Structures are given as C-alpha cells and as structure tokens.
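Data block below; observations after.
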Amino acid sequence: MSDENQHFEISKQKDYLYVIKENISLVHPVYTNDPLNMYLLLGSHTALLLDTGCGLAPLKRIVDDLIGERKLLVFNTHYHWDHPLGNVEFGVVYIHENEVDLISKPYDVSYFKDSPNEIVKIYAKQNYLIPPAKTIKSLKDGDVFDLGEIEVKVIHCPGHSPGSICLLTSRGELFTSDVAYYGDQFLPRKEDFPEVLKTLLNLIELCERQKNLELYPSHRKYPCDKTLLTDLYNGIKNIEDLWDTKKPFDFFEAWQIDDDKFRYYISR
Ligand SMILES: [Zn+2]
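In my numbering, the protein residues as written are 5 to 272.
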C-alpha cells in the first residue's frame, strides 16, 4: 500500500493497526531518525491517531479514508516538532497535561530557516509559525480510552520530554513514542538522567509483568521487544563513563556521545 509518489508511506501492520511513515530528514539533514512512525489504531467504533507529524502534506484525508465511519481521537506523544505539526488539520488533539501549553500556540520552527532543503519553503510561507489545533485537551497517567474491542491506557513517561507518554493496548502493543527507539537519542541535561532511567525501568518492569508485549517506537524499526529498553537503559547508564569523549553539537545545543548502539545528544 505504499506509494513512492506520496509524502507518507502507509502500511497495514495488523487488521487494526496502520503505520503512517514520514521522513523527517526532508526538513533538515541533521535529523536522521527516518522514518517517523505515526500509528493509527482502529477499534470497532473509535480510531486513534498517534501523532500528526511534520505538517508538510495533508494527512487528515488519508486518515479519514482509513477509519471509515469511526470516530477519531488524535493524541500527540509529546510536543517536539516532528510529532504535532499536523495538528491544525484536526479539531481536537490530546497531549499530556505537562505539554498542553507548548502546543496551544503557533509552533516556532525558525531554527529551520537555514535548512538546505527545499521543503522548508512550506514553513517559510507560514513565517515559520505553524498553527495549532483549535482545541487541545490534556491527558494524564492512567487515563483509559475505549476504542471498541481495544482499550488504550496512557502511561506518563517523563525524561525525553516532561510530558512524553507511552500507550499500552489491551491487545499487547506498547507504543513507546520517543522514550525508546533505535536511532539517535535526544536526552535532557545529565542532571535529569535519573528521571529518564526511572521511566525506562518502569517500562522494563511492565514488559516483565506482561510477557510478549510488542514495542512500537515513534522512529525507525518496529516492532521491537524488551531488548530495546534494556539496551537504552544500559547505554544511558554508561554515559557517565564516556563523558570525556563528548563533542559539542551546536545545532542542538548539545553534547554528542557515541557508543556501539546509539548516538546521544545531551542538552547542555
Ligand atoms: Zn521524534
């Protein structure tokens, strides 16, 4: 079902799960975590779209075609630019309560002004201020949504951002957002690593209680298993030992550190 002429690549993962992929390196080559994976869950009466991407091409009509008569819920996993910029097409968007304010106003993407890529003209036409959804509603840890034959539970996972969420379904999928994926990692300041590690440990424990969970990250490879979480946990724990190898990476105002599995950008 993929079409190379289209901006998005759409694939059907299961009867009730579609993946809508978007290449974020189109915006700026410094972003290498292609693709961004947006997920569309189809319950019997309600569909849930997880993230709206970069706002570079119409998404709603694609979603409308896939969901048929179902009601649609739209969530953002967190506020970072590659996840909410398509929100304006949708009337109501949910995000964790810690990040409601961050996506309620026009989103400033002026850091892409110097991008060598043509496609940023789409942002330039909007003066690098991307309009928000009309209504933003808040999510909190433990919220449950019934889609009809699939239930979805919100897990607050602070660390990558203050309001990052993961979603656990009653069918055994865990959508890990940017909390865990195989690719370049964007981490907060080193002082905040304990929160990142605590979140990862909570998810590792969840995977131990509930065997065979399938992990669906918001970037690159899917599905993954618990190994992704333990790889990342061990990697971040080990950063202290690699601290002397850090190099400045100015575009992200970060320190860059590499190990054999991940590249880390750590806020300065
Ligand atoms: Zn992301």
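Backbone N, C-alpha and C fix where the C-beta goes; we use that ideal spot for every residue, glycine too. Note that the structure is a prediction, hence the values are computed from the model and not measured.
Q: Report yes if the C-beta distance between isoleucine 154 and arginine 175 is below 7 Å; otherwise report no.
A: yes
Q | Limits of the beta strand (DSSP E) - the one that tyrosine 269 falls within | A | 267–271
(Q) Tell me whether histidine 32, by its Cβ, gets closer than 6 Å to a heavy atom of ligand 1. (A) no
Q. In or out: threonine 173 buried (at least 16 other Cβ within 10 Å) or exposed?
A. buried
Q: Could you tell me the distance, in whole angstroms, from the CA atom of phenylalanine 256 to the CA atom of leucine 205?
A: 26 Å
Q) If you draw a straight line from the C-alpha of asparagine 37 to the C-alpha of histidine 223, how long is it? A) 6 Å
Q. Quick one: complete alpha helix (DSSP H) runs, 4+ long, within the stretch 187–221?
A. 197–213
Q | For leucine 233, three-class secondary structure by DSSP | A | helix
Q | Of the listed residues Leu76, Phe190, Val97, nearest to phenylalanine 253 (C-alpha basis) | A | Phe190
(Q) Checking the sheet assignment: what are the DSSP bridge partners for valine 351? (A) Since the first residue of the chain shown is 5 and the last is 272, residue 351 is not available in this structure.
Q) Would you say isoleucine 107 and proline 135 are within 7 Å of each other, going by their C-beta atoms? A) no
(Q) Buried or exposed for threonine 231, going by 16 or more other Cβ atoms inside 10 Å? (A) exposed
Q.
Taking 6 Å as the cut-off, is the beta-carbon of histidine 164 closer than that to any non-hydrogen atom of ligand 1?
A. no
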